[in-house]
Amino acid sequence: MIDKSKHFVLDIEANGPIIGKHSMIQFSLVNVLDHSVNFYGELRPLYAEYSDEALNSIGLSHDETLRYDNPQETMDRFNDWLDSLPSGRPICWSDNPAFDWGWLNWYMWTFLKGNRLGWSCRRIGDLDAGLTSDLRSNRWRKYKKTPHTHCALDDATGNAEALSVLFNKISTSKTS
């Protein structure tokens, strides 16, 4: 049986594709067992450069993101939230860790002087590929209940719902 309480899904939104040139403007971590155990942060951009295409996909304007919270304060709140979790390091998952994890890792090292979440993040699609024996499988996406809106909290919640279903399939197959 998988202890879902230790697993969290990460999603981030950025105003462009490049860490250090663009800015992470939203991020969320959602617990797979209890979706109300989550963190959601909105961060004011660090850099003047942004991509209209990236912001349009999120449904935000650059001016709206300028009203977001100070990044240091948001990261400090995130650090406090991590302190509130039960002992043990969370296991992080993402739809696209190559994107999401890189941003969060950079912000944690920049503002918190370290990444308490460790060095890696797992990919939900890879777990699904292993379960289906189909390397192109995206079956897991159909298990989302929360619509994909490009709000980091909504997207992380939907992905946590889907990951919970995959964990149930693993638990069921082990008892069969």
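Start counting the sequence shown at 161; every next residue gets the next number (our numbering).
For each residue, glycine too, the CB sits at the ideal point set by N, CA and C.
Note that the coordinates shown come from a computational prediction; the quantities given were computed from them, not determined experimentally.
### Cβ-based burial, Met161 [other Cβ within 10 Å; buried from 16]
In the sequence shown, the residue the question calls residue 161 occupies position 1. Exposed, since its Cβ has fewer than 16 Cβ neighbours within 10 Å.
### Message
Check this for me: beta carbons of Leu277 and Pro250, under 8 Å apart or not?
### Response
Counting from 1 along the sequence shown, the entry for residue 277 is found at position 117. Counting from 1 along the sequence shown, the entry for residue 250 is found at position 90. Yes, they are a contact pair.
#### Entry: Rounded distance between the beta-carbons of Ala174 and Ser183, thought under 8 Å
Against the sequence shown, residue 183 aligns to sequence position 23. Against the sequence shown, residue 174 aligns to sequence position 14. Right, the Cβ-Cβ distance comes to about 6 Å (below 8 Å), so this counts as a contact.
#### Entry: Complete alpha helix (DSSP H) runs within the segment 165 to 247 (minimum length 4 residues, chain order)
212 to 218, 222 to 225 and 231 to 244
#### Entry: Own chain, CB closer than 7 Å to Ser280, minus 5 neighbours either side, in chain order
Against the sequence shown, residue 280 aligns to sequence position 120. Around Ser280: no qualifying Cβ.
### Query
In terms of DSSP beta bridges, what is Ser254 paired with?
Stepping through the sequence shown from its first residue, residue 254 is reached at position 94. According to DSSP, Ser254 bridges with Leu170 and Arg283.
### Message
Are the CB atoms of Ala322 and His195 within a distance shorter than 8 Å?
### Response
As a working mapping, residue 195 is identified with position 35 in the sequence shown. As a working mapping, residue 322 is identified with position 162 in the sequence shown. Cβ distance not < 8 Å, so His195 and Ala322 don't count as in contact.
### Query
Would you report the Cα separation of Leu272 and Arg227, rounded to the nearest angstrom?
Here residue 272 refers to the residue found at position 112 when the sequence shown is read from its first residue. Here residue 227 refers to the residue found at position 67 when the sequence shown is read from its first residue. Between Leu272 and Arg227, the C-alpha separation is close to 22 Å.
### Query
Can you give the Cα-Cα distance for Ser297 and Asn265, rounded to whole angstroms?
As a working note, residue 297 is residue 137 in the sequence shown. As a working note, residue 265 is residue 105 in the sequence shown. If you take the alpha carbons of Ser297 and Asn265, they lie about 27 Å apart.
### Message
So for Ser331, helix, strand or coil by DSSP?
### Response
The count along the sequence shown starts at 1 and reaches residue 331 at position 171. It is helical.
### Message
Please report the distance separating the alpha-carbon of Leu245 from that of Val192.
### Response
Here the question's residue 245 lines up with position 85 in the sequence shown. Here the question's residue 192 lines up with position 32 in the sequence shown. Between Leu245 and Val192, the C-alpha separation is close to 13 Å.
### Query
If you draw a straight line from the alpha carbon of Val325 to that of Lys304, how long is it in whole angstroms?
In the sequence shown, the residue the question calls residue 325 occupies position 165. In the sequence shown, the residue the question calls residue 304 occupies position 144. The alpha-carbon atoms of Val325 and Lys304 are separated by roughly 9 Å.
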